[in-house]
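Structure first, then comments.
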Amino acid sequence: MSNTERIELFTAKAEAVSAVVKRLPSMKEATDYVVDLCGAKEACQLLISGCGEPLSQKAEDLCEIKQDKVVAAPNLSQGHYDALAKACDKNGFVCKRDGLREHLAGIDIGFTLCQGAIAETGSVVLDSDSEETRLATMISEIHVAAVTVDSIEQDFYGVEKKLAELIAKTPSYTAFITGASRTADIERVLALGVHGPLELHVLLLDEV
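Residue numbers (my numbering): 811 to 1018.
Structure representation (structure tokens):
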């Protein structure tokens, strides 16, 4: 299977599970994409119990607290993170690469650089020994995963060698992420974003 065919298959499979797939030249354009996406969404809202009840003025003010928009990018290189942080600051967003436990009430965008992808299932492969990276992919409303087009494998057998190399190193967390978080109850009613991000955006980069 050619690289073009792998890209087309990955895109079709990822979009079939509600992912948004974009082809971009480099991390510069990926940074612009993340900032524009964050600007277009409403800030995460901290849901405080009792806000629908008659309250004192002080309590009502607490319920109306405006949340800052937060972009988490824990596993970017220092140069790429600095560029993102500068763009976020220009737009009035908070950019974080650590201390994400302080933002468990809501992170707007989690931006990660993945090590590979699987065309057959539309999955991205993310390996990390950092809790911050795991949190960025789990508690964000939108997860933006960047991956280079030359790291897309046709199937699971294609990533076998890479996984063997990862296993041989220091223990880490390897995730296969396919689409947005989803679950269904006993009545088989599908719900997105219950156990993780509401949306997954995959950016296919020609180069990092």
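Each residue gets a CB set at the ideal place from its N, CA and C atoms; glycine is no exception.
This structure is a prediction, so every number in the text was calculated from the model and none was measured.
Asked                                                                                           : Found
Cβ neighbour criterion (16 or more within 10 Å) applied to Gly1006                              : buried
Through-space distance from Tyr967 to Thr943, alpha-carbon basis                                : 25 angstroms
Where Asp918 falls, given that 16 or more other Cβ within 10 Å makes a residue buried           : buried
Span of the alpha helix (DSSP H) around Lys972                                                  : 970 to 978
For Phe921: DSSP bridge partner residues                                                        : Val954
Same chain only: Cβ atoms within 7 angstroms of Phe820, ignoring 5 sequence neighbours per side : Ala927, Ala929, Gly932, Ile962
Burial state of Lys879, where buried means 16 or more other Cβ atoms lie within 10 Å            : buried
In DSSP terms, what Asp937 is bridged to                                                        : Thr984
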